[in-house]
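K.L.:
Quick one: this structure, given as structure tokens, is what I'll be asking you about.
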Amino acid sequence: MADGQRQQRLSKSCILLIAIAGIERFAFKGVASNLVTYLTDVVNLSNSSAAKMVNSWVGFTSIMPLLVAPIADAYWRKYSTIMVSSFLYFVGLAALTTTALARSWHHKNRSMSSSFLSLSLYLISLGQGGYNPSLQAFGADQLGEEEELPCSKEDKSCNKKTLFFQWWYFGVCSGSLLGVTVMSYIQDTFGWVLGFAIPAISMILSILIFSGGSPIYLYKEHDVLQAKKPLRNIFQAVKASALRCFHCEITLPNDKTEVVELELQEKPLCPEKLESLKDLNKDPKGGMYLLANAKVMVRLLPIWTMLLMFAVIFQQPATFFTKQGMTMKRNIGAGFKIPPATLQSAITLSIILLMPLYDKIFIPITQVITRQERGISVMQRMGIGMVLSIIAMIIAALVEMRRLEIGSQMRSAGSQSETVPLSIFWLLPQYILLGISDIFTVVGMQEFFYGEVPRHMRTMGIALYTSVFGVGSFVSALLITLVEVYTSSKGIPSWFCDDMVEARLDSYYWLLAWLSTVSLLLYALLCRYYPKKSDSDNEY
Numbered sequence: 004m005a006d007g008q009r010q011q012r013l014s015k016s017c018i019l020l021i022a023i024a025g026i027e028r029f030a031f032k033g034v035a036s037n038l039v040t041y042l043t044d045v046v047n048l049s050n051s052s053a054a055k056m057v058n059s060w061v062g063f064t065s066i067m068p069l070l071v072a073p074i075a076d077a078y079w080r081k082y083s084t085i086m087v088s089s090f091l092y093f094v095g096l097a098a099l100t101t102t103a104l105a106r107s108w109h110h111k112n113r114s115m116s117s118s119f120l121s122l123s124l125y126l127i128s129l130g131q132g133g134y135n136p137s138l139q140a141f142g143a144d145q146l147g148e149e150e151e152l153p154c155s156k157e158d159k160s161c162n163k164k165t166l167f168f169q170w171w172y173f174g175v176c177s178g179s180l181l182g183v184t185v186m187s188y189i190q191d192t193f194g195w196v197l198g199f200a201i202p203a204i205s206m207i208l209s210i211l212i213f214s215g216g217s218p219i220y221l222y223k224e225h226d227v228l229q230a231k232k233p234l235r236n237i238f239q240a241v242k243a244s245a246l247r248c249f250h251c252e253i254t255l256p257n258d259k260t261e262v263v264e265l266e267l268q269e270k271p272l273c274p275e276k277l278e279s280l281k282d283l284n285k286d287p288k289g290g291m292y293l294l295a296n297a298k299v300m301v302r303l304l305p306i307w308t309m310l311l312m313f314a315v316i317f318q319q320p321a322t323f324f325t326k327q328g329m330t331m332k333r334n335i336g337a338g339f340k341i342p343p344a345t346l347q348s349a350i351t352l353s354i355i356l357l358m359p360l361y362d363k364i365f366i367p368i369t370q371v372i373t374r375q376e377r378g379i380s381v382m383q384r385m386g387i388g389m390v391l392s393i394i395a396m397i398i399a400a401l402v403e404m405r406r407l408e409i410g411s412q413m414r415s416a417g418s419q420s421e422t423v424p425l426s427i428f429w430l431l432p433q434y435i436l437l438g439i440s441d442i443f444t445v446v447g448m449q450e451f452f453y454g455e456v457p458r459h460m461r462t463m464g465i466a467l468y469t470s471v472f473g474v475g476s477f478v479s480a481l482l483i484t485l486v487e488v489y490t491s492s493k494g495i496p497s498w499f500c501d502d503m504v505e506a507r508l509d510s511y512y513w514l515l516a517w518l519s520t521v522s523l524l525l526y527a528l529l530c531r532y533y534p535k536k537s538d539s540d541n542e543y
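The following block contains the structure:
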């Protein structure tokens, strides 16, 4: 019994890296959560332009790991990648602080400060591109060699891996909660210079803590030695296998018999002997092994695609949800106004409070229902989160319809104010539901992509997870553009009109709900026929 309890504990290095990930999220969310307010109120961009800029930046930030991870896997150790990327991350945050300072001093030179603003934001993206996937993969490495092997039903190691990803996300959400609540208040109350400087200082702190923990980390040399250039090797393996098949010969029987029809000998067209799975695992440079890796990446693509609409929905809290909140009653008492971006903390707070209940209440109930040790599979976990995100968008659309109804009544009565006497707390249900969906889908995505990629490409697996949100951000920006083109061609006001009484965000939310429903149905169909990693391995 003691051994079983010991297996469920995380090492000191895991706990330290989870804390470092929380600090990084504090820095990032301290900038990203209220950036749309900075762009509209300080940089003077329109609602749609600010939303598209935030979506594009978040998309680029999230997709960068997919571009950096192959280089990190091929040429750098995870530790070195984390150190270099964190430095670039800090430089970007420092540059962003400088732009806010320059804008407060020189209001006339806005074109130069706007260019420098974009440069600093994308420098943050570059730093985070190598930092996040490497840090999480490095954290998962601390579980030990046995944690990277496929888990049998009797094996407890997969439970520990699940425990790591859940607590990793718990740490990330804790940092996000502080970043959203504390930094939104500081930015709205004390200004943007201090609001951007604190994240930069926290990033320096995380670098010092990470380097200070170097003696207790578990380093895996074989990750570097086994596969120097994984993507290039996969391409070469595909090419070599194709050439072998083109040059293979068909052998006909030599002896003359009475059989009229010529029969092929029972030999494979390519006469090379197929190795067993164990032999392939011992030789990661083998052609069949690398071909299997390429097949895994292609196999993940349909599931990855169906998760994009989930990522699109998660762009709304930092953009249009925040703009909604700015037009609602935000007063608490006589002199305090809730910063609209602060409501994003409801997402992270619901995750922090409800995450422990997932293991203690939800899993035991599903174990009784499904009679499976894990309760539900990872893919079922992701699907439940997608359902909850659709419900969140339906609620958001209904609340927005009510806000627009009150606003129209005020406008008919002669009032020109955009602020309606509807409490901002009416937005809480949609935030909370998105937080609950996070517990299911986001944690499931981390475990799914980490476990389905080849062992020496774990950083790429984490990058695949983050790239869902990156491409989802670009899809969100594309949808905004398409809706604007559609509304302008019909000669009707834009759904994202700067006048929030004339805007039709409710229509946009309904659109997202319908698209997400279609995506969910296709996802369920794909899951039915998806070949799991263990099933594929048994074929060899």
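Residue numbers for the sequence shown, in the working numbering: 4 to 543.
Cβ atoms here follow ideal geometry from the backbone N, Cα and C, with glycine treated the same way.
1. Less than 7 Å between the C-beta atoms of I23 and I212, yes or no?
2. Can you list, in chain order, the residues of its chain whose CB lies under 6 Å from that of K281, leaving out five sequence neighbours each side?
3. For I495 and G417, I'd like the C-alpha separation in whole angstroms.
4. Less than 7 Å between C-beta atoms, sequence neighbours within five positions excluded: which residues of the same chain meet that for Y453?
5. Tell me whether the beta-carbon of K32 lies closer than 7 Å to the beta-carbon of S179.
6. By the DSSP assignment, the alpha helix (DSSP H) with V34 in it spans what residues?
7. Under the rule that 16 or more other beta-carbon atoms within 10 Å means buried, what is S491, buried or exposed?
8. Quick check on this structure: which residue in L13, Y526, V471 and E376 has the alpha carbon closest to the alpha carbon of Q169?
9. State the beta-bridge partners of F339 as determined by DSSP.
10. Could you tell me the alpha carbon to alpha carbon distance between S177 and I355, rounded to whole angstroms?
11. Where S348 and W79 are concerned, what is the direct C-alpha to C-alpha distance, given to the nearest angstrom?
12. Check each candidate in D509, G447 and T369 and name the one with the smallest Cα separation from M404.
13. Go ahead and label N47 buried or exposed: buried means 16 or more other beta carbons lie within 10 angstroms of its beta carbon, across all protein chains shown.
14. Around the Cβ of L528, are there at least 16 other Cβ atoms within 10 angstroms (buried) or fewer (exposed)?
15. How many Å lie between Y134 and S205 at the Cα?
16. Reducing DSSP to helix, strand and coil, say where L185 ends up.
17. State the start and end residues of the unbroken beta strand (DSSP E) segment that holds P424.
18. How many whole angstroms separate the CB atoms of R302 and P534, which I take to be in contact at a CB cut-off of 8 Å?
19. With H, G and I counted as helix, E and B as strand and the rest as coil, what does DSSP make of W170?
20. Of the choices V456, L311, I368 and K340, whose alpha-carbon is the least far from that of I189?
21. On the premise that G328 lies in contact with I427, defined as a C-beta separation below 8 Å, what is that separation, rounded to the nearest angstrom?
22. Measure the CB-CB distance between L99 and S117 and report whether it falls below 7 Å.
23. To which residues of the same chain is L518 closer than 6 Å at the C-beta, ignoring the five residues directly before and after it?
24. Distance, Cα to Cα, Y172 vs S16?
25. What number of angstroms, rounded off, separates the C-alpha of I21 from the C-alpha of V175?
26. Tell me whether G378 sits in a helix, a strand or coil according to DSSP, three-state version.
27. S479: which of A35, V61, N37 and I219 sits nearest, CA to CA?
28. With distance defined between alpha-carbon atoms, name the residue in V34, L310, K363 and V381 nearest to V185.
29. May I ask which residues mark the beginning and end of the alpha helix (DSSP H) holding K326?
30. Whose CA, out of W108, L467, D44 and I393, lies closest to the CA of I306?
31. Between which residues of its own chain and P432 is the CB-CB distance below 6 Å, once the five residues before and five after are set aside?
32. Where does L436 land, buried or exposed, given buried means 16+ other C-beta within 10 angstroms?
33. Cβ of I350 within 7 Å of Cβ of Y222?
34. Any idea what DSSP makes of A97, helix, strand or coil?
35. My assumption, with CB atoms under 8 Å, is that A506 sits in contact with T40. Please give the rounded CB distance.
36. Identify which residue in L481, C530 and Y532 has its Cα closest to the Cα of Y511.
P.N.:
With the given structure in hand:
1. yes
2. Caution applies to K281, whose pLDDT of 44 falls short of 50 and renders its modelled position unreliable; the model cannot decide the point.
3. 22 Å
4. A143, R461, G464 and I465
5. yes
6. K15 to A35
7. exposed
8. L13
9. I335
10. 7 Å
11. 36 Å
12. D509
13. exposed
14. exposed
15. 15 Å
16. One detail in the question is off: residue 185 reads as Val in this sequence, not Leu. V185 falls in the helix class under three-state DSSP.
17. V423 to S426
18. 7 Å
19. helix
20. K340
21. 5 Å
22. no
23. M312
24. 16 Å
25. 7 Å
26. coil
27. V61
28. V34
29. F323 to M329
30. L467
31. I398
32. buried
33. no
34. helix
35. Rounded, the Cβ-Cβ distance is 17 Å, inconsistent with contact.
36. L481
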